[in-house]
Structure formats: structure tokens, C-alpha cells
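A short write-up of the structure that comes next.
Number of protein chains: 2
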Amino acid sequence: MTTGTPPPRRPTLADVARKSGVSVALASIVMRGAEGASASSRAKVKAAAAELGYRPDSRARALRSLRSGLLGVSLSLAEPFHADLVDEIYAAAELRGFDVVLSATGPRRSETRSLEALTDAGCEAVIAIAPAGGAAALAAMDARLPVVSLLRAVPSVESVCTDDAAGIRQAVDHLVGLGHRHIAHVDGGTAVASAERRDAYLGAMAAHDLGRHATVLPGGPDEKAGTAAAALLPGARRPTALVVFNDRCALGVLDALERGGVPVPGSMSMVGFDDSQFARLAHIGLSSVRQDVEALASSAVERAAARLTGEPAGLREHAPSLVLRNSTAAPPAT
Amino acid sequence: MTTGTPPPRRPTLADVARKSGVSVALASIVMRGAEGASASSRAKVKAAAAELGYRPDSRARALRSLRSGLLGVSLSLAEPFHADLVDEIYAAAELRGFDVVLSATGPRRSETRSLEALTDAGCEAVIAIAPAGGAAALAAMDARLPVVSLLRAVPSVESVCTDDAAGIRQAVDHLVGLGHRHIAHVDGGTAVASAERRDAYLGAMAAHDLGRHATVLPGGPDEKAGTAAAALLPGARRPTALVVFNDRCALGVLDALERGGVPVPGSMSMVGFDDSQFARLAHIGLSSVRQDVEALASSAVERAAARLTGEPAGLREHAPSLVLRNSTAAPPAT
DNA sequence: GACCAAACCTAGAACGTTATAGAAGCGAGG
DNA sequence: CCTCGCTTCTATAACGTTCTAGGTTTGGTC
Chain A
17 MTTGTPPPRR PTLADVARKS GVSVALASIV MRGAEGASAS SRAKVKAAAA
67 ELGYRPDSRA RALRSLRSGL LGVSLSLAEP FHADLVDEIY AAAELRGFDV
117 VLSATGPRRS ETRSLEALTD AGCEAVIAIA PAGGAAALAA MDARLPVVSL
167 LRAVPSVESV CTDDAAGIRQ AVDHLVGLGH RHIAHVDGGT AVASAERRDA
217 YLGAMAAHDL GRHATVLPGG PDEKAGTAAA ALLPGARRPT ALVVFNDRCA
267 LGVLDALERG GVPVPGSMSM VGFDDSQFAR LAHIGLSSVR QDVEALASSA
317 VERAAARLTG EPAGLREHAP SLVLRNSTAA PPAT
Chain B
17 MTTGTPPPRR PTLADVARKS GVSVALASIV MRGAEGASAS SRAKVKAAAA
67 ELGYRPDSRA RALRSLRSGL LGVSLSLAEP FHADLVDEIY AAAELRGFDV
117 VLSATGPRRS ETRSLEALTD AGCEAVIAIA PAGGAAALAA MDARLPVVSL
167 LRAVPSVESV CTDDAAGIRQ AVDHLVGLGH RHIAHVDGGT AVASAERRDA
217 YLGAMAAHDL GRHATVLPGG PDEKAGTAAA ALLPGARRPT ALVVFNDRCA
267 LGVLDALERG GVPVPGSMSM VGFDDSQFAR LAHIGLSSVR QDVEALASSA
317 VERAAARLTG EPAGLREHAP SLVLRNSTAA PPAT
């Protein structure tokens with residue numbers, strides 16, 4: 017029984033070659049723009065390809081030429097800041113001839129799974145944004161294919177980070193310059209980079225000889241944690257300024273303060289971290305430590321490419337800068 | 017000149033087979049869990065695979081067995097709501113044995129490019145979240161491989177949407193029930209679904225015989241647009257309630273109002289759309305029209321799967337529900 | 001011990017592409 | 001006329017996997 021329409025197969029190079037009356041090999045040459053084809057056959061093949069709607073099968077291509085040209089990126093969709101990075105990674109990767117494959121981490125999807133999907137997809141190298149997993153697991157993976165950890169310094173794995181300590185120092189310096197003495201820190205809890213930023217805060221306070229006023233409030237990476245941290249602020253003897261782990265957390269704090277009738281920056285100054293899209297828009301413009309997204313992204317891509325040619329691993333730190341908006345001011349007169 | 021370490025090749029099925037002393041074919045059977053292998057060889061092969069750290073090459077697999085098992089998803093990283101959807105899509109796809117490939121749209125990356133990357137990756141079907149491109153382009157693509165449009169009804173392409181009109185009606189009904197008469201709408205400008213929601217608003221107002229009070233303020237899909245729209249609110253004869261295109265825009269409006277000293281919901285009630293993570297956290301809890309994320313995601317995956325088996329295209333609409341928080345109240349007494 | 005079926009295993013051909021090696025065409029130089 | 005070199009083209013062998021079709025054991029029955 018011969019049935020009607022056969023399932024519409026996606027056109028292959030063989031189809032293009034047949035239609036234009038040349039060999040598959042020649043069609044391949046034309047399609048990938050290699051040299052060794054006459055102008056006339058180029059035209060013929062291109063026309064046939066266009067007519068058939070031919071698109072090369074990247075899997076087959078990758079299978080044959082051991083370079084797949086694929087760069088994997090693992091990110092958390094819940095983090096707007098990762099989104100900013102990815103956009104720049106796309107741009108940087110394109111410049112170097114890489115295609116980018118994304119794999120998300122989320123409540124339903126573990127980091128391990130996300131990274132596995134990337135290796136399975138045939139990526140030549142992987143950029144893991146703020147990987148939470150153990151260093152051992154990442155190092156093990158790195159033995160298979162180059163891994164670059166972005167936003168987190170992982171020992172023995174190529175890492176590209178912001179110099180968090182410098183950023184925190186800038187924030188503290190700025191606040192001290194405004195006249196603040198009682199500056200507290202809302203930390204990131206168990207989040208990636210939380211410990212580094214906390215230590216930098218303590219160090220910066222000590223450097224200003226304000227160690228006795230240093231206070232660390234337990235926080236976390238998101239708005240909810242910020243709101244919770246705000247509830248811990250003592251009513252009397254409240255600090256006059258806050259350096260917060262990141263913008264999302266700062267937003268939570270800000271919200272709670274405003275609802276509690278504490279004006280920012282009138283009664284409380286605040287500095288966030290990341291300079292997310294967010295900080296720029298919502299509420300009061302939040303002063304924030306800006307990570308150099310473009311440099312981070314292109315550096316990560318560059319490091320991944322370098323590893324493919326066998327260069328050694330190392331840590332690249334990028335200098336952050338403090339972006340001032342309307343959330344800091346001199347402390348209220350006592 | 018013989019140099020030191022050869023470039024560490026990723027282990028292949030042949031390596032596993034050699035190491036465990038069986039044929040490649042048998043190793044394949046074991047690795048994919050097919051039947052026809054004895055328990056003892058299963059153990060041998062699995063052990064060898066584990067020791068080598070073997071992971072099957074999905075490209076080669078896809079190339080051979082015409083099912084690649086790949087489901088492409090195109091999304092905008094700037095939209096937190098898309099992130100929610102993707103997480104559910106991962107879950108739904110896994111249930112049906114699909115792997116998910118993500119491709120983002122962004123300031124540096126057009127939708128066309130994002131979709132092309134997906135077809136090149138060898139996806140069997142594609143889910144485009146809120147595709148902005150022309151219906152013709154999508155339909156053309158659909159001729160090559162099944163396309164499902166999620167969050168936007170596109171003629172002649174399989175579409176899975178929320179019944180936006182019903183959602184807007186619920187919002188208006190609720191506000192009218194609270195006693196509001198002067199209810200305005202901040203629309204989504206040129207954003208996807210903006211026109212549908214605007215029309216639904218006008219229809220709902222008319223249904224309550226409030227057509228004469230209907231006002232549409234030009235807005236947009238993000239916070240900035242909301243802030244701008246708030247500036248257009250007349251000082252006197254201000255509406256007492258707002259139905260806003262989406263939560264992000266609503267947030268912008270909310271912020272502007274609070275800064276302008278207009279308490280919400282005291283002097284102004286507000287309803288958003290999407291029930292994003294956002295609405296639940298920041299500021300005042302925003303009342304919002306909840307889209308059924310899980311149903312949307314699983315329905316989109318299901319439709320994609322159905323198309324692969326040759327079922328016809330159609331439109332699936334999912335009922336939204338109104339989530340009440342603290343941004344609506346009775347209008348202030350005159 | 002011969003026969004049979006079931007269970008287990010393997011050789012080898014695909015899948016769509018690229019790379020290598022060499023064949024044809026052709027004009028110039030001896 | 002033969003050879004040389006150049007350009008243009010093609011046959012064919014990979015890449016790592018799955019699948020088909022057939023081959024070899026195994027062990028139970030007569």
C-alpha cells in the first residue's frame with residue numbers, strides 16, 4: 017500500500033548536490049566557503065541550496081570535523097545578572113567563531129544535569145556561571161573538557177571573576193568618606209562569593225579602624241533574604257549604612273526599610289553589588305558595585321578558547337567600579 | 017619529534033568496547049539499556065564505561081537514529097517570566113524523553129538567529145516563547161520543522177496561550193466589585209499580546225457599562241515604560257484603579273506612584289499580569305493575573321510532541337486566575 | 001548425539017558531513 | 001607529442017553512534 021506524502025525529510029547536502037549536478041564533495045566546499053570551486057559552480061550550488069532551504073546539519077558537521085565550534089554555558093535563569101553576562105558571551109563567542117549552547121540550572125534542574133547536557137551536546141569547552149558545586153566535581157569535569165568558572169574562583173579550574181574584595185572596599189571607602197562609622201554588612205549566606213565579600217568587608221572596616229563597629233547580618237542572594245535581614249536590624253543603635261551582598265538582596269532590604277518608615281538614603285545609606293538592570297530602574301536608584309560584564313564575558317570566552325589550545329589554567333580578576341546613584345548620603349546628624 | 021601527552025580524546029564507545037572485551041554493538045546495547053545483553057556483559061561494559069568516564073556523543077547518536085530527541089526553546093533572557101516557563105518545560109520535556117536546547121534572544125541576538133541556531137542544533141521541534149517576528153517567518157519555519165508558539169497566538173502555527181481576555185476581565189470584574197468606576201489600563205505598547213489585552217479591557221469596561229470611563233495609557237513591557245506611563249496620569253480626575261499590561265510594567269508604575277506620594281492601594285488600586293516571582297516579593301505584594309505556568313509549559317511540550325506524530329495545528333488557551341495580594345482595595349471615599 | 005529454539009553476541013551498513021588523495025581538463029614549454 | 005603545473009572537480013574514507021541481519025552459544029528433548 018503506497019500512501020500519500022512521505023514524511024518531509026530535511027534536505028541534505030546530497031540533495032543539493034544532485035539538484036545542482038555536482039558531487040557532494042564540491043557542494044560541501046561551496047557551502048563552507050572553502051577554496052577550490054569555480055565561480056560558476058558556486059553560483060549553481062548556492063542557488064540549489066537556497067531553493068531547497070538547505071541548512072547544514074551541525075551535528076554531522078561536528079561529528080566529522082573534530083572541532084564542533086560549540087561553547088557551552090551553564091547559567092541560572094533566576095539570576096538577571098547571568099542574563100546580562102550571557103548576552104555579552106554570545107557577542108564574544110561569535111567574534112571567535114563559536115556557537116553557544118545554553119543550559120539552565122533551576123529548581124527542577126541540578127547543576128550537574130545542566131553541565132552533563134552541555135558535554136553531551138558536544139561542546140568543546142564549557143563556561144559555568146557561578147557554579148555552586150564542589151570544586152572536585154568541576155575539576156573532574158575539567159579533565160574531560162576545558163571548564164571556565166565565571167564569577168567564582170575555583171581552585172585548579174580556570175576562573176574569571178570580579179575582584180570582589182576591591183569592590184567591597186570601594187563601597188566601604190565611599191561610605192566612610194560620607195561620614196559613616198556604623199556600617200553593617202548583609203552577607204550572601206551560603207551563596208557563591210559570599211564569604212569573600214564578607215571577609216573583604218571586615219578587612220575594609222578594620223583598615224579604617226572601624227573594626228569595633230563591624231556587624232555582619234545573615235542574608236542571602238535574593239529579595240526574600242534581604243527582607244528577612246532587614247528585620248534583624250536593631251531599632252536603636254542601628255547602623256547608618258549598609259553594604260549588601262548583591263542588588264537583589266539589597267532590594268529586599270530597601271523594600272522592608274521603606275515599609276518600616278526608614279527613608280533611604282535619609283536615615284540609611286545603602287550600596288548593592290552587581291549593578292543589575294534592576295538597580296538602575298526600580299525604586300530609588302541603588303548605588304552599586306558594578307561588575308564589568310563585558311570584560312568578564314569576553315575574558316571567559318577568551319580563556320575557554322585558550323584552554324583549547326592547551327594553555328594553562330589561572331585566575332583572571334577584573335576590577336569593579338562603584339556606581340553612585342541615590343541610595344547613599346551623609347549620615348543623619350545625631 | 018614525538019611530544020609528550022597526546023591531546024586527551026574524549027572516550028568513545030569503541031574504547032569502552034575494547035576495554036571490556038566486547039563488540040561495539042554490544043556496548044551500544046548496554047549503554048542505551050536495550051535488551052539482548054547478558055547480566056554479566058552488562059556489568060562489564062558499565063564498569064568500563066564508568067572507569068573511562070564515557071558519555072555517549074549525542075550528536076553521533078542523533079545522526080544515526082533519526083530521532084534526535086532534541087526540543088529547542090527560544091526565549092528572552094530579559095524576561096523573568098520566561099525563566100519560570102523554561103523551568104517547567106525542562107520538567108515536562110524530561111517526562112516525554114526530550115532533551116531541551118535553549119537559545120536566547122537579546123539586545124545582541126535577534127530572534128531569527130536564535131531560531132536558526134535551534135534548527136542547526138538538530139532540534140526535532142521548537143517552542144518559541146512570545147515570538148515577536150512575523151507570522152509569515154514562523155509559518156515558513158514551521159514548514160521545515162514543527163514550531164509551537166508559546167504565549168502568543170500566531171495564525172497557522174501551533175499556539176499555546178493564556179486566555180488573556182479572560183484574565184483581564186477577571187481583573188476588571190474584581191475592581192468593579194470593590195466599587196471602582198474609573199479604571200484605566202496601561203497597555204503594553206508594541207509588545208506581544210498588548211493589543212489583545214487592551215481590547216479585552218475595553219470590552220470588559222463596556223460590559224460593566226463603564227465604557228465612558230475607559231482610558232488607555234500608552235505603556236510597554238518593562239519597568240521603564242511603567243514609570244513613564246505613571247507620569248501621564250492626570251493629577252485631578254485620576255482613575256482610582258489601574259489594570260496594567262504586566263507585572264514589570266506595574267512595578268514601574270507602582271514605584272513612580274509611591275515616590276509621588278500616592279499610596280497603593282490607599283489612593284490607587286492596581287492589578288498586574290503574569291504573577292511573576294517578582295509580584296510576590298517586591299514592594300507591596302502585587303495582585304496579578306496568574307498564568308498557569310505549568311499547564312502552559314506541559315501543553316507546549318505536548319503539542320510539539322503531537323506535531324511530530326503528524327497531528328494538525330491548533331490553538332490551546334489556558335484559563336488564568338486572579339491572585340489577590342495587597343495592591344487592591346475599595347476606592348477612597350470622595 | 002542430533003536437533004531446535006532461545007538467548008546472546010557481532011559484522012557491517014547506514015546517518016550527513018568534512019578531509020584527503022587523486023583524476024580530469026587544459027594551456028604552456030620543451 | 002610528452003610532460004609539467006595549475007585549477008577544478010570527484011571518489012572514498014573517516015567521525016561515533018544505532019540498527020539490521022545474521023552468527024554463535026547454550027541447554028533442553030528426543
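If you're matching them up, the sequences are chains A and B in order. Counting from 17, one number per residue, gives the positions in the first sequence under this note's numbering. Counting from 17, one number per residue, gives the positions in the second sequence under this note's numbering. Every residue gets a Cβ at the ideal spot worked out from N, C-alpha and C, and that includes glycine.
Among the options, nearest to residue i - alpha-carbon criterion
i, options, result
"Glu318(A)", "Gly113(A), Met284(A), Gly219(A) and Pro147(A)", "Gly113(A)"
"Pro348(A)", "Pro281(A), Ser130(A) and Val309(A)", "Pro281(A)"
"Arg214(A)", "His224(A), Pro237(A) and Phe261(A)", "Phe261(A)"
"Ala153(A)", "Ala43(A), Leu131(A), Leu166(A) and Gly138(A)", "Leu131(A)"
"His334(B)", "Pro328(B), Thr178(B), Ala245(B) and Ala187(B)", "Thr178(B)"
"Gln186(A)", "Glu95(A), Leu248(A) and Met286(A)", "Met286(A)"
"Leu312(B)", "Ala247(B), Gly219(B) and Glu174(B)", "Glu174(B)"
"Phe97(A)", "Arg296(A), Ala211(A), Ser283(A) and Cys139(A)", "Arg296(A)"
"Arg71(A)", "Ala223(A), Arg26(A) and Val40(A)", "Arg26(A)"
"Thr135(A)", "Tyr106(B), Asp115(B), Val40(B) and His201(B)", "Asp115(B)"
"Pro171(B)", "Ala151(B), Glu95(B) and Ser57(B)", "Ala151(B)"
"Arg124(B)", "Pro123(A), Leu101(A) and Val117(A)", "Leu101(A)"
"His198(B)", "Leu249(B), Leu111(B) and Glu212(B)", "Leu249(B)"
"Ser314(A)", "Ala211(A), Ala155(A), Val176(A) and Pro147(A)", "Val176(A)"
"Lys240(B)", "Val269(B), Leu226(B), Val232(B) and His224(B)", "Val269(B)"
"Ala148(B)", "Glu95(B), Ala159(B) and Ala207(B)", "Ala207(B)"
Own chain, CB closer than 7 Å to residue i, minus 5 neighbours either side, in chain order
i, result
"Ala320(A)", "Leu87, Ala141, Ile143, Pro162 and Val164"
"Ala182(B)", "Ala335 and Pro336"
"Ala65(B)", "Val32 and Met47"
"Ala137(A)", "Leu86, Gly88 and Val117"
Residue i in three-state terms, based on DSSP
i, result
"Pro22(B)", "With a pLDDT of 45 at Pro22(B), under the threshold of 50, the modelled position of this residue cannot be trusted, and the question is left open."
"Val260(A)", "strand"
"Cys177(B)", "strand"
"Gly193(B)", "helix"
"Asp136(A)", "helix"
"Met17(B)", "Low per-residue confidence applies at Met17(B): pLDDT is 37, beneath 50, and the placement is therefore not dependable enough to give any value."
"Ala30(B)", "helix"
"Glu157(B)", "The sequence given here places Met at residue 157(B); Glu does not occur at that position. Reduced to three states, the DSSP call for Met157(B) is helix."
"His229(B)", "helix"
"Val170(A)", "coil"
"His201(A)", "strand"
"Gly288(B)", "strand"
C-alpha distance - residue i paired with residue j, whole-angstrom precision
i, j, result
"Phe289(B)", "Leu273(A)", "26 Å"
"Glu310(B)", "Glu104(B)", "6 Å"
"Leu331(B)", "Ala316(B)", "10 Å"
"Val259(A)", "Ser119(A)", "32 Å"
"His196(B)", "Arg253(B)", "13 Å"
"Thr19(B)", "Arg77(A)", "Bear in mind that a pLDDT of 37 at Thr19(B), under 50, signals an unreliable position, so the model cannot answer this."
"Ser90(A)", "Ile145(A)", "6 Å"
"Ala99(B)", "Ala41(A)", "43 Å"
"Gln293(A)", "Arg228(B)", "38 Å"
"Ala133(A)", "Ser74(B)", "9 Å"
"Asn342(A)", "Pro279(A)", "12 Å"
"Gly54(A)", "Ala30(A)", "It should be noted that the sequence gives Ser, not Gly, for residue 54(A). The straight-line gap from Cα to Cα measures roughly 19 Å."
"Thr28(A)", "Ser44(A)", "11 Å"
Proximal residues to residue i (C-beta, below 6 Å), its chain only, five neighbours per side dropped
i, result
"Thr121(A)", "Ser92, Glu127 and Ser130"
"Val339(B)", "Asp291, Ser304 and Arg306"
"Thr344(B)", "Pro281, Ser285 and Ser303"
"Ala230(B)", "Leu218 and Met221"
"Gly277(A)", "none"
Contact belief for residue i with residue j at Cβ below 8 Å, rounded distance in angstroms
i, j, result
"Ala209(A)", "Arg168(A)", "6 Å"
"Ala257(A)", "Leu191(A)", "5 Å"
"Val38(A)", "Lys62(A)", "Not confirmed; about 12 Å, so no contact."
"Leu82(A)", "Lys35(A)", "With 8 Å as the limit, Leu82(A) and Lys35(A) do not qualify as a contact, their Cβ atoms being about 30 Å apart."
"Pro237(B)", "Gly204(B)", "5 Å"
"Thr243(B)", "Asp271(B)", "6 Å"
"Ala346(B)", "Leu194(B)", "5 Å"
"Ala223(B)", "Ile184(B)", "Incorrect: roughly 11 Å between the Cβ atoms, too far for contact."
Cβ-heavy atom distance, residue i to the ligand MG, below 7 Å
i, result
"Gly122(A)", "Of ligands this structure carries none, so the ligand MG is not represented either."
Spatial neighbours of residue i in its chain, beta-carbon cut-off 8 Å, leaving aside the 5 residues before and after
i, result
"Arg160(A)", "Thr135"
"Cys139(A)", "Ser84, Leu86, Leu87, Gly88, Val117 and Leu161"
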